[in-house]
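Position 81, counted from 1, in the sequence shown is what the working numbering calls 213; the numbers after and before it change by one each time, with no gaps.
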Amino acid sequence: MTAPVSLSVVIPAFNEEKRLPGTLARVLPFLRSRGETFEVVVVDDGSKDRTAEVARTAGPEVRVLQNPGNRGKGYSVRNGMLNATGAWRLMCDADLSTPIEDLDTLKAALGGDAQIAIASRAVADANVEKHQSIARESSGRFFNLLVRVLHLSGIKDTQCGFKLFSAAAAEAAFRNSRLDGFAFDVEALVLAKRAGFGVREVGVTWRNDEQTRVSLGRGLAAFVDLFRLKFRS
Ligand SMILES: Nc1nc2c(ncn2[C@@H]2O[C@H](COP(=O)(O)OP(=O)(O)O)[C@@H](O)[C@H]2O)c(=O)[nH]1
Ligand SMILES: [Mg+2]
């Protein structure tokens, strides 16, 4: 058993030996400077490279979970969130397109019934310094439009890889979730809202890292999953 901590940072990682060292070199000192107990949970999604090794050697606060194979970002985040010990649990992409300092921007937005804060590129105070490619950004906009029509009318951007949950909200979001691919954020938010948790959408800084692990096939599968989710509920 691992001792419970105040904050868990869950990083899904698929073939991230190049991007992960720089990310951990920024995340670990920042978290240490805050004075709370924390763990970083790197979920190795069946990587073919040295992802697990570079994570393990980055610092004593890093824990590595190994998926049984390449199962997808949704599977990875669920695995990390449900095995994390933090009172608060942040999911954060390995490329740190949202800077880790924005953790405090999310924290500041919590309160009342809201135990979930999600980073957004689409609200007024977002600061998109480096955009995705036009094709990616347009398909992202269309995806989010479908999300609003089919699932979550009030949310403009569900796809940012930077979201903070209380332990109870993470349980509600991920315990019964089933989507393993890139539409998992939508299912997680639907389940958590159904369980009564409020969600705050917060503008953050976004400096897109051009490299992407999202293939065209996996991207299209996320659209299909939106409809499957609709017909299941
Ligand atoms: N594409 C992809 N990413 C995965 C997978 N499993 C975990 N991830 C992680 O999901 C995060 C987002 O990936 P990224 O390529 O930056 O996506 P993008 O920014 O949306 O183009 C990264 O931390 C990946 O390592 C997987 O099976 N496929
Ligand atoms: Mg990225």
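The beta-carbon is built from N, C-alpha and C at its ideal position, and this holds for glycine as well.
Option in the options with minimal Cα separation from residue i
i	options	result
E171	G204, M213 and S179	M213
G349	F274, F314, V186 and S365	F314
A299	A246, Q198 and A267	A246
A226	R364, A157, P136 and G351	A157
S165	I232, D317 and S271	I232
G244	F359, G330 and A305	G330
G154	A302, V137, K180 and T189	T189
R280	A304, E319 and R182	E319
F162	A301, G191 and A302	G191
G328	E342, F316 and A302	A302
T290	K362, S347, G272 and A219	G272
R307	K239, R182, N215 and P136	N215
L358	S265, L278 and V346	L278
Environment of residue i [buried if 16+ CB atoms lie within 10 Å]
i	result
H283	buried
E168	exposed
N276	buried
L311	buried
P144	buried
A267	exposed
L197	buried
F146	buried
K180	exposed
E148	buried
N199	buried
G204	buried
A256	exposed
F316	buried
V142	buried
Assumed close pair residue i, residue j - CB separation to whole angstroms, cut-off 8 Å
i	j	result
D234	N202	Not quite, the Cβ-Cβ distance comes to about 28 Å (not below 8 Å), so this is no contact.
T344	T217	In fact, because the Cβ distance is near 31 Å, the residues do not count as touching under 8 Å.
R221	S309	Not a contact, Cβ separation roughly 14 Å.
L152	V186	5 Å
Residues near residue i by beta carbon distance below 7 Å, same chain, minus five either side
i	result
K150	none
T237	V334 and V336
E193	L160, F170, E171 and V172
E269	H263
S138	E168, T169, F170, G218, A219 and W220
Residue interval of the alpha helix (DSSP H) (run including residue i)
i	result
V281	I266 to L282
R326	F316 to R326
V153	Strictly speaking, residue 153 in this sequence is Pro, with Val absent from that position. Its alpha helix (DSSP H) spans residues R151 to R166.
K362	L348 to R364
Start and end residues, beta strand (DSSP E) containing residue i
i	result
E171	F170 to D176
F294	F294 to S298
P231	Counting along the chain, P231 falls outside any beta strand (DSSP E), and DSSP gives it neither H nor E.
6 Å Cβ shell around residue i - same chain, five flanking residues per side excluded
i	result
R332	A241, A246 and A249
K262	R339 and N340
V175	P144, L197, S208, N211 and G212
V322	H283
F294	C224, T230 and A251
I287	E333
A403	Any property of residue 403 remains undetermined from this structure, which presents the chain solely from 133 to 365.
Min CB distance residue i to chain B below 8 Å
i	result
K262	This model lacks chain B altogether; it includes just one protein chain.
8 Å Cβ shell around residue i - same chain, five flanking residues per side excluded
i	result
V356	none
N259	G335, V336, T337 and W338
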